[in-house]
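Okay, structure first, notes after.
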Amino acid sequence: MDWQAIWLSMRLAFFTTLILLALGLPLAYWLTWSPRRWKFLVEALVAMPLILPPTVLGFYVLLAIGPRSPVGALYAKLTGGMLPFSFQGLLAASVLYSMPFTVQPVAAAFAAVDRKLLEASWCLGVSRLQTFRRVIVPLSLPGIATGAILSFAHTVGEFGVVLMVGGNIAGVTRTISISIYDQVQALNYGAALDTSLFLLGFSFTVLAVTYALQRRIWAVWPVN
Amino acid sequence: MASQLDCQLTCRCRKRLESGFELDAALSIPLAESPVTVLFGPSGSGKTTLLRLLAGLERPDDGVISLRGATWCDSSRAICLPPQQRRAGFLFQDYALFPHLTVAENVGFAATPEAARKLMETFGLGEFAERLPRALSGGQQQRVALARALAARPALLLLDEPLSALDAPSRIRMRHELRRMLLESGVPSIVVTHDRMEAVALGDWMAVIAGGRIRQAGPVQDVFRHPADPQVAESVGVENVLPAKIAARERGLLTLQVGEAHLQCVDSGETGPVFACIRAEDVALTREPAQTSSARNRLAGRVRLVTLEGPLARVELDCGFPLVAVVTAQSAGELQLNPGDAVCAIVKATSVHLTT
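Heads up: the sequence lines are chains G and F, in that order. Going by my numbering, the first sequence opens with residue 597, and the numbers climb by one from there. Going by my numbering, the second sequence opens with residue 15, and the numbers climb by one from there.
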């Protein structure tokens, strides 16, 4: 089994999830409560990775972070390195690719919070930010957990985007799925079988936990 | 003049809702004279919207709101304070307690531990401190909501149908309890209700709202005794609002023509076509034949319908015009009222109030 690839995938998924929580919670808040009429455009944009072939997304990300793009040039100036075929570049692509898996469950959880509770908090003199922290987040924990788990799992399983943006550098960008593909190409079926089995077990466990959370088997507090 | 304005809540707001309903309310409440003000109106009259405008939860299209000289909202100067800066405690119809926090955490949500502890004591919530709101009865939840609102030291308390979430027996018990709690808090309150018994039991002052407009405002008894117009009369529950013409005027008494019948009432200077308002409980019934010579108004009529409402009986009469009387079920039984029977309705001249 390619433990190096597994460890890389886990690291990638962990940091992707962390960044997505930081970006996805405010975005989901805005999507849920903004009175702007054009927010459906942002919703559509966020959901794009769900239907776009990973190769298309990966191709655009590659163009966007290449050394000749403004982003790539700025990154080179700041760090002296390049984004394509690096862990950081892979991370940026993964964040975009898994965005809907965080934002959608979290936005659904936010929308289920009774608006009166927010208003009650505001009328008590509590700021919008504190209301978010003290009322919305605790009441949306199952949805936030679902979003985080799905994003993590989705990143562990990604293939097309990694291939386009990261290539296949051992220890840097060779993730589990790339490793399996490599092993099959090399007719090394035994190793491919082991790694695949690991991914299968992992995916099933993650989905089982997610659905259990949604059913509130281990509810943080009982529903009324 | 300034000192008078200092203790007032002034609100002049216009807001058009998506449904097409338009609220256009002008209201000024002397908070010093009225610790508890009732905002009274039928459902859909705009009372909750007005309350939300006061709290800052809605923004008026156009308007001014000020409390004791402090401007909360002035659209001409582009001022509209967010709810956080108004310090208006809001009590939601279903209390909106935070379901993930205990009673103590709810009360202490926006208060110093000292203030929260004191209010928990005042409202007798000590024994429920560690419970979650859903484990409480409706009346207990209301106490928690009130304690939570007061703990934040509000300048004004806004209550949206505070008793409607309770079952009927506790609703009646809680009326007086709620008034006592509001008075003891020392915070001026505005209570929205569509129940006139609640309005009478809770309020010192009342404003009647209908169709998005304030129709009348004043001390509760005044509004009930002298409704300003037929719509107010109907909404405050004066059952008989009869179109009438002034037929004669002598020695402080007016003779009104209502249909074919005549009614006497006290002359308070009205002219032209008027409405005679008579509360159903001010109409007495007798089997004796009508005698027009009496000083009292005696109207001959026939019983159309008798409906029992608990200890009371509602009797609908036809006296040439429809007239509703409410008598005790006992006297309805003694009179043996049946549809079609001839009866005599007696109304004191002082019980007939005129509105134009």
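Backbone N, C-alpha and C fix where the C-beta goes; we use that ideal spot for every residue, glycine too.
Heavy atom of the ligand ATP within 8 Å of residue i beta-carbon
i: F/V121; result: What this structure holds is no ligand at all, so the ligand ATP is not there to describe.
Under 8 Å by beta carbon: chain F residues contacting residue i
i: G/D582; result: An answer regarding residue 582 of chain G cannot be provided, because it is not within the stretch 597 to 820 covered by chain G.
Cβ-Cβ distance between residue i and residue j below 9 Å
i: G/T612; j: G/F748; result: yes
i: F/R185; j: F/L111; result: no
i: F/M134; j: F/A124; result: no
i: G/M597; j: G/T791; result: yes
i: G/L809; j: G/P738; result: yes
i: F/A356; j: F/V329; result: no
i: G/I772; j: G/F794; result: yes
i: F/V340; j: F/L331; result: no
i: F/L9; j: F/A359; result: Outside the shown range of chain F, which is 15 to 370, sits residue 9 of chain F, and nothing can be said about it.
i: F/V78; j: F/C21; result: no
i: G/T821; j: G/S682; result: No information on residue 821 of chain G is available, as it lies outside the stretch 597 to 820 that chain G covers here.
i: F/V158; j: F/L277; result: no
i: G/S736; j: G/V709; result: yes
i: G/I740; j: G/P701; result: yes
i: F/I223; j: F/F335; result: no
Closest Cα partner of residue i within the set the options
i: F/L13; options: F/R145, F/R265, F/V234; result: Residue 13 of chain F is absent from the model: chain F starts at 15 and stops at 370.
i: G/G763; options: G/S665, G/Q779, G/G685, G/L616; result: G/G685
i: F/L95; options: F/F104, F/S80, F/D108; result: F/S80
i: F/G225; options: F/R101, F/G58, F/V50, F/S48; result: F/G58
i: F/S199; options: F/G70, F/R73, F/F137; result: F/F137
i: G/F706; options: G/V652, G/F728, G/Q779; result: G/F728
i: G/V758; options: G/I745, G/S775, G/L746; result: G/S775
i: G/A804; options: G/L608, G/L746, G/S736, G/L659; result: G/L746
i: F/L193; options: F/A182, F/P183, F/F106, F/L177; result: Inspection of the sequence shows that residue 193 of chain F is occupied by Arg rather than by Leu. Checking every option, the nearest Cα to that of F/R193 belongs to F/L177.
i: F/A84; options: F/A314, F/L23, F/L326; result: F/L23
i: F/T321; options: F/C333, F/T300, F/A343; result: F/A343
i: F/G70; options: G/L637, G/C719, G/L614; result: G/C719
Contact set between residue i and chain F, taken where Cβ atoms lie within less than 7 Å
i: G/V731; result: F112
Local Cβ density within 10 Å of residue i, reported as buried at 16 or more and exposed below that
i: G/Y807; result: exposed
i: G/W599; result: exposed
i: F/A293; result: Just to set this straight, residue 293 of chain F is Arg in the shown sequence, not Ala. It is buried - the Cβ of F/R293 has at least 16 other Cβ atoms within 10 Å.
i: G/K673; result: exposed
i: F/A262; result: exposed
i: F/T63; result: buried
i: F/A130; result: buried
i: G/A669; result: exposed
i: F/N352; result: exposed
i: G/E754; result: buried
i: F/E212; result: buried
i: F/E364; result: It should be noted that the sequence gives Thr, not Glu, for residue 364 of chain F. That one is exposed.
i: F/W86; result: buried
i: G/Y671; result: buried
i: G/T742; result: buried
i: G/R711; result: exposed
i: F/A290; result: buried
i: F/K259; result: exposed
i: G/T751; result: buried
i: G/Y785; result: exposed
i: G/E715; result: buried
Under 9 Å by beta carbon: chain F residues contacting residue i
i: G/V722; result: Q98, F123, A124, A166
i: G/L735; result: F112, P113, H114
Chain-ordered chain G contacts of residue i [CB-CB under 8 Å]
i: F/L71; result: E715, W718, C719
i: F/G103; result: C719, L720
Range covered by the beta strand (DSSP E) that runs through residue i
i: F/K362; result: Unbroken run through F/K362: none, as it is neither H nor E.
i: G/W634; result: Careful: G/W634 lies outside any beta strand (DSSP E) and carries neither H nor E.
i: F/F104; result: 102 to 105
i: F/L270; result: 267 to 272
i: F/R167; result: Neither: F/R167 is in no beta strand (DSSP E) and is coded neither H nor E.
i: G/P666; result: Not the beta strand (DSSP E): G/P666 falls in the alpha helix (DSSP H), residues 666 to 675.
i: G/C719; result: Here G/C719 belongs to no beta strand (DSSP E); instead the alpha helix (DSSP H) covers 711 to 719.
i: F/V222; result: 219 to 224
Limits of the alpha helix (DSSP H) - the one that residue i falls within
i: G/V821; result: What the structure shows of chain G is the stretch from 597 to 820, and residue 821 of chain G is not part of that stretch, so it cannot be assessed.
i: G/Q700; result: 683 to 707
i: G/A808; result: 785 to 810
i: F/H190; result: 182 to 199
i: G/A782; result: It is not in any alpha helix (DSSP H) - G/A782 carries neither H nor E in the DSSP assignment.
i: G/G654; result: 650 to 661
i: F/F238; result: 234 to 239
i: F/P244; result: 244 to 249
Residues that residue i contacts on chain G, provided the C-beta gap is smaller than 7 Å
i: F/F35; result: Per Cβ cutoff of 7 Å: no residues; F/F35 is ~19 Å from chain G at best.
i: F/F106; result: K712, A716
Neighbouring residues, chain G, relative to residue i (Cβ below 9 Å)
i: F/F137; result: Going along chain G, no residue has its Cβ under 9 Å from F/F137, so there is no contact; the nearest lies around 16 Å.
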